[in-house]
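**Q** Per mature numbering (1 follows the signal peptide of the UniProt record, and there is no 0), the sequence shown runs over residues -29 to -1, 1 to 244.
One structure coming up, written as structure tokens, with questions to follow.
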Amino acid sequence: MRGPFARALTGALGLVTAVAGVVAGAAPAAADSVVVGGSPAAITEAPWVVALSSRDRFGGTRAGQFCGGVVVAPTKVLTAAHCLGREVLGGQPWQLRDFSVIAGRASLRGQGGQEVRIADTWVNPDYDPTTNSGDLAVLTLAESLPESFVIKVAARGDAAENPGTAAEVYGWGDTSGNGSYASSLRSAHVQVLPDAACERAYPDGFGGVSYRKETMLCAGDPRGGRDACQGDSGGPLVARGVLVGLVSWGSGCGQAENPGVYTRVSTVLPERL
Ligand code: 4AZ
């Protein structure tokens, strides 16, 4: 899948068609892509990664997982705004009565860790669903997670955002580009790429979505093969031990010429949560 149309379709729409199993006209975003190239990750190494879950909406086979999230304070989880969109949830977040995060658990078929209800949701008012800019939401948990689960957020202009910096992306998303969702947490080693790499891949005028360096961060594997994919949205991109990005969108998965696009957390997250 190539070209403007593919790009416009990738992201939130790809996620919901794949996760909900609805084949609705749109080709899967990752139909022609290679594997995302990750490996199993231990939750003890990455306690700040959580799964967003609703068994009511997404079924119980994979504990209702449909997106990723990141713990940035004991009761605050960051995720992608598009994960809370009507196309994904089928309504407003508060209408999903079992909307929770699963923390401290790598295996979606396991029992470890804890499931915590979401008490409140805040969607970045500057999020633009047509351009994907500002793709960030904050979930407030009904109960506190341990302080040890919290990851620090990169400051504006943090060196961790510099091109060439090694980074890890985490999630339970598609491992193959054709709808094979992971049942255990995985991570893939990527690097922060120059803004120019994403500006080249996603220029202006392609169905609304284009790369915006002010609010987005470009990352991937310059040789292709390692990337985030559908179902990873909202999950963390970590570099130098700090959170630099949230999985947001891209064209396909793992193609060298189409890097992953992440929410640039340092500029999009408000100073005060
Ligand atoms: C998605 O559909 C998606 N390769 C997330 C990340 C990427 C592509 C698609 C990046 O949620």
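Each residue gets a CB set at the ideal place from its N, CA and C atoms; glycine is no exception.
Given a threshold of 16 other Cβ atoms within 10 Å of its Cβ, counted over all protein chains shown, does A199 qualify as buried or as exposed?
**A** Classified as buried, A199 has 16 or more neighbouring CB atoms from the shown chains inside 10 Å of its CB.
**Q** Do K47 and T111 come within 9 Å of each other at the CB atom, strictly closer than that value?
**A** yes
**Q** By DSSP, does F70 sit in helix, in strand, or in coil?
**A** If DSSP states are grouped into helix, strand and coil, F70 belongs with coil.
**Q** For the beta strand (DSSP E) containing A159, list its first residue and its last residue.
**A** R157 to V163
**Q** Excluding the 5 residues preceding and the 5 following R33 in the sequence, name in chain order all residues of the same chain whose CB lies nearer than 8 Å to its CB.
**A** So the qualifying residues of the chain are L79, R80, W143, Y152 and S154.
**Q** Can you pull the DSSP bridge partners for E228?
**A** None, per the DSSP bridge assignment.
**Q** If we count Cβ pairs, one from each stretch, closer than 8 Å, do we get three or more for the region 99 to 116 versus the region 170 to 183?
**A** yes
**Q** Any heavy atom of the ligand 4AZ closer than 8 Å to the Cβ of D198?
**A** yes
**Q** Does the contact criterion of 3 or more C-beta pairs under 8 Å hold for the region 116 to 134 versus the region 160 to 168?
**A** yes
**Q** Give the single residue among S119, L49, D145 and S25 whose Cα lies nearest to the Cα of S71.
**A** S25
**Q** Secondary structure at V121, three-state DSSP: helix, strand or coil?
**A** coil
**Q** Based on Cα-Cα distance, which residue from L156, T50 and G225 lies nearest to T92?
**A** T50
**Q** On a Cα-Cα basis, can you pick out the residue from S237, W65, L55 and E228 that is closest to A172?
**A** E228
**Q** Is G35 near the ligand 4AZ, with its Cβ less than 8 Å from a heavy atom?
**A** no
**Q** Just the C-alpha distance for V41 and V21, rounded to the nearest angstrom, thanks.
**A** Our two residues, V41 and V21, have alpha carbons roughly 6 Å apart in a direct line.
**Q** Among A108, L240, V232 and R76, which has the Cα closest to the Cα of R127?
**A** Here the closest residue by C-alpha is L240.
**Q** What alpha helix (DSSP H) runs, 4 residues minimum, are completely inside the region 6 to 64?
**A** 26 to 29 and 57 to 60
**Q** Roughly how far, in whole angstroms, is the beta-carbon of S204 from the beta-carbon of V218, given that I think they are within contact range, below 8 Å?
**A** 5 Å
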